[in-house]
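Undergrad: Quick one: the structure is below, questions incoming.
2 protein chains.
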Amino acid sequence: MTISPTDTAAELSDALTRAMKRIRRQTMTRLEPYGITPGQARALRVLAFAPGCESRETMRLSQLADHLHIAPRSATTVVDALEEVGLVERTPDPADRRAVRVVLTADGHAALERISQVRHEVAQEYFAPISPGEQEALLQALRSAEAAYESARCTTRGAAH
Amino acid sequence: MTISPTDTAAELSDALTRAMKRIRRQTMTRLEPYGITPGQARALRVLAFAPGCESRETMRLSQLADHLHIAPRSATTVVDALEEVGLVERTPDPADRRAVRVVLTADGHAALERISQVRHEVAQEYFAPISPGEQEALLQALRSAEAAYESARCTTRGAAH
DNA sequence: TATTGTTATACTCTATAACTATA
DNA sequence: TATAGTTATAGAGTATAACAATA
Numbered sequence: 001m002t003i004s005p006t007d008t009a010a011e012l013s014d015a016l017t018r019a020m021k022r023i024r025r026q027t028m029t030r031l032e033p034y035g036i037t038p039g040q041a042r043a044l045r046v047l048a049f050a051p052g053c054e055s056r057e058t059m060r061l062s063q064l065a066d067h068l069h070i071a072p073r074s075a076t077t078v079v080d081a082l083e084e085v086g087l088v089e090r091t092p093d094p095a096d097r098r099a100v101r102v103v104l105t106a107d108g109h110a111a112l113e114r115i116s117q118v119r120h121e122v123a124q125e126y127f128a129p130i131s132p133g134e135q136e137a138l139l140q141a142l143r144s145a146e147a148a149y150e151s152a153r154c155t156t157r158g159a160a161h
Numbered sequence: 162m163t164i165s166p167t168d169t170a171a172e173l174s175d176a177l178t179r180a181m182k183r184i185r186r187q188t189m190t191r192l193e194p195y196g197i198t199p200g201q202a203r204a205l206r207v208l209a210f211a212p213g214c215e216s217r218e219t220m221r222l223s224q225l226a227d228h229l230h231i232a233p234r235s236a237t238t239v240v241d242a243l244e245e246v247g248l249v250e251r252t253p254d255p256a257d258r259r260a261v262r263v264v265l266t267a268d269g270h271a272a273l274e275r276i277s278q279v280r281h282e283v284a285q286e287y288f289a290p291i292s293p294g295e296q297e298a299l300l301q302a303l304r305s306a307e308a309a310y311e312s313a314r315c316t317t318r319g320a321a322h
């Protein structure tokens with residue numbers, strides 16, 4: 001399944017892809033009993049923990065879309081689903097009557113608890129064969145690649161994520 | 162965006178996810194001019210390089226589905242698309258008249274060349290900030306996690322990937 | 001009766017474009 | 001005129017169920 005046995009970088013992206021898929025699938029399976037999809041989980045986490053957000057646990061729909069790297073229209077769909085099961089609420093923005101603020105409900109908080117536990121469990125299990133020191137090193141390495149990618153993206157003005 | 166600043170494993174899966182998405186998106190963008198989607202690229206690569214395949218570059222549709230971890234019905238869709246642009250062909254299986262063998266065409270080979278080049282380029286660029294030694298270490302670590310996951314999956318007989 | 005691949009259908013996640021109501 | 005979010009619509013990529021031909 002690999003083109004050249006000596007192409008470490010390409011193999012690395014393969015390995016990354018497989019790891020991600022397996023972790024995602026495990027997470028999905030364990031979140032299913034709670035009726036939470038991975039996309040919804042991501043949105044809840046963004047809502048709770050996104051940086052540079054003045055008021056905690058509330059955010060404009062457009063900001064949510066930005067943080068999730070999806071189109072505003074797609075954010076509408078995500079918020080619709082979350083609102084339907086009562087994990088978030090849409091409230092009017094006092095400062096701008098066109099805008100919608102998305103707010104985490106009490107149920108949303110409870111869901112977030114379960115999500116973070118499942119995330120922790122799955123990751124812990126998957127990366128158990130890697131020593132904590134190695135895990136740290138891995139994380140640092142990925143972050144340096146990320147940082148380089150992001151700065152390149154800013155200078156190039158390429159809009160892709 | 163992270164629940165606890167000390168949860169290295171969970172942060173690792175986040176970092177992995179972001180890296181994967183960016184690499185996938187870059188690959189998609191660069192493959193687009195050739196009219197090849199990531200899913201098609203994956204299928205072509207499986208067809209060419211899947212292990213334990215007696216005859217090279219040909220495989221049953223059901224085997225392809227297995228290797229891609231998708232349902233047989235979904236493999237039909239993928240093969241339809243590839244056949245439409247002439248990258249693979251459906252041929253009857255001499256041993257079983259119900260079965261269909263999927264064969265790589267000359268154009269399929271050419272596409273594979275471009276795919277491997279793009280994959281190499283994108284991975285090379287993304288992981289450039291990580292030293293070759295670190296890249297090797299990363300790969301080894303991910304492989305050990307993978308191996309553990311796979312052996313656990315076999316003993317548990319859980320069918321998820 | 002069991003298996004291979006297909007037809008029919010549907011769901012999730014994403015997108016663009018046009019529209020409404022504000023600004 | 002520009003912006004925030006929605007309605008309408010579409011396209012990947014995946015799934016299940018029922019069916020045809022063959023084993």
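So the sequence lines, in the order shown, correspond to chains A and B.
So the first sequence is numbered by this note's numbering: it starts at 1 and just counts up by one.
So the second sequence is numbered by this note's numbering: it starts at 162 and just counts up by one.
Each residue gets a CB set at the ideal place from its N, CA and C atoms; glycine is no exception.
Computed from a prediction, not measured in an experiment: that's the story for all the values here.
How is Val102 (chain A) classed by DSSP in three states: helix, strand or coil?
TA: The answer is strand: DSSP assigns Val102 (chain A) an E or B state.
Undergrad: For a minimum of 3 consecutive residues, which ranges assigned as the beta strand (DSSP E) are wholly contained in the stretch 90-155 of chain A?
TA: DSSP runs (the beta strand (DSSP E)) wholly in the stretch 90-155 of chain A: 96-104.
Undergrad: With 8 Å as the limit, tell me which residues of the stretch 284-311 of chain B have their beta carbon closer than that to any beta carbon of chain A; keep them in chain order.
TA: Answer in chain order: Ala284, Gln285, Tyr287, Phe288, Ala289, Pro290, Ile291, Pro293, Glu295, Gln296, Glu297, Ala298, Leu299, Leu300, Ala302, Leu303, Arg304, Ser305, Ala306, Glu307, Ala308, Ala309, Tyr310.
Undergrad: So, using beta-carbon positions, are Ser13 (chain A) and Ile291 (chain B) closer together than 9 Å?
TA: No, the pair does not count as a contact, with Cβ atoms beyond the cut-off.
Undergrad: Pull up the CB-CB distance for His67 (chain A) and Val88 (chain A), whole angstroms please, since I reckon it's below 8 Å.
TA: At roughly 14 Å, the Cβ-Cβ gap does not stay under 8 Å, so His67 (chain A) and Val88 (chain A) are not in contact.
Undergrad: Quick one: what's got a C-beta closer than 6 Å to Thr17 (chain A)'s C-beta in the same chain, skipping five residues either side?
TA: Hits under 6 Å: none found.
Undergrad: Measure the beta-carbon distance from Ala110 (chain A) to Leu82 (chain A) and round it to whole angstroms, keeping in mind my assumption that it falls under 8 Å.
TA: About 13 Å separates the two Cβ atoms, so there is no contact after all.
Undergrad: Can you confirm whether Arg7 (chain A), when its beta carbon is compared against all beta carbons of chain B, has any partner nearer than 9 Å?
TA: A quick correction: the sequence has Asp, not Arg, at residue 7 (chain A). Yes - at least one Cβ of chain B is within 9 Å of the one on Asp7 (chain A).
Undergrad: Report yes or no: do the stretch 119-136 of chain A and the stretch 295-311 of chain B share at least 3 C-beta pairs separated by less than 8 Å?
TA: Short answer: they touch.
Undergrad: For Ala15 (chain A) and chain B, any beta-carbon pair shorter than 9 Å?
TA: Taking Cβ atoms only, chain B reaches closer than 9 Å to Ala15 (chain A), which makes this a yes.
Undergrad: Helix, strand or coil: which one does DSSP assign to Ala160 (chain A)?
TA: In this predicted model, Ala160 (chain A) has a pLDDT of only 38, less than 50, meaning its place in the structure is not dependable; the value taken from the coordinates is given anyway. Looking at Ala160 (chain A) - three-state DSSP - the assignment turns out to be coil, as it is neither helix nor strand.
Undergrad: Which residue marks the beginning of the alpha helix (DSSP H) containing Thr76 (chain A), and which one marks its end?
TA: From DSSP, the alpha helix (DSSP H) with Thr76 (chain A) extends over 72-84.
Undergrad: Taking the alpha helix (DSSP H) that Thr178 (chain B) belongs to, which residues open and close that run?
TA: From DSSP, the alpha helix (DSSP H) with Thr178 (chain B) extends over 169-192.
Undergrad: Give me the Cα-Cα distance between Val102 (chain A) and Thr91 (chain A), rounded to the nearest whole angstrom.
TA: Between Val102 (chain A) and Thr91 (chain A), the C-alpha separation is close to 6 Å.
Undergrad: Straight-line CA distance for Tyr34 (chain A) to Ala19 (chain A)?
TA: Each residue's alpha carbon lies about 24 Å from the other.
Undergrad: So, is Thr11 (chain A) buried or exposed, given that buried needs 16 or more other C-beta atoms within 10 angstroms?
TA: The identity of residue 11 (chain A) in the sequence shown is Glu, whereas the question assumes Thr. By the neighbour-count rule (16 or more Cβ atoms within 10 Å), Glu11 (chain A) is buried.
Undergrad: Looking at chain B, is there any beta carbon in it that lies within less than 9 Å of the beta carbon of Ala111 (chain A)?
TA: So, not an interface residue.
Undergrad: CB-CB under 6 Å to Val261 (chain B), same chain, minus the five flanking residues each way: which ones, in chain order?
TA: Result list for Val261 (chain B): Leu222, Arg251, in chain order.
Undergrad: Determine, for Arg157 (chain A), whether the minimum Cβ-Cβ distance to residues of chain B falls below 9 Å.
TA: The pLDDT assigned to Arg157 (chain A) is 39, lower than 50, so where the model puts this residue is not dependable; a value taken from the coordinates is nonetheless given after this. So no, Arg157 (chain A) is outside the interface.
Undergrad: Rounded to whole angstroms, what's the CA-CA distance from Pro5 (chain A) to Ala256 (chain B)? Just pull it up for me.
TA: Note on Pro5 (chain A): pLDDT 48, under 50, position unreliable in the model; the coordinate value appears next. Approximately 33 Å between the Cα atoms of the pair.
Undergrad: In terms of residues, what are the limits of the beta strand (DSSP E) holding Thr58 (chain A)?
TA: Residues 58-60.
Undergrad: At least one CB of chain B closer than 9 Å to the CB of Ala19 (chain A): is that the case?
TA: By this cut-off, Ala19 (chain A) is an interface position.
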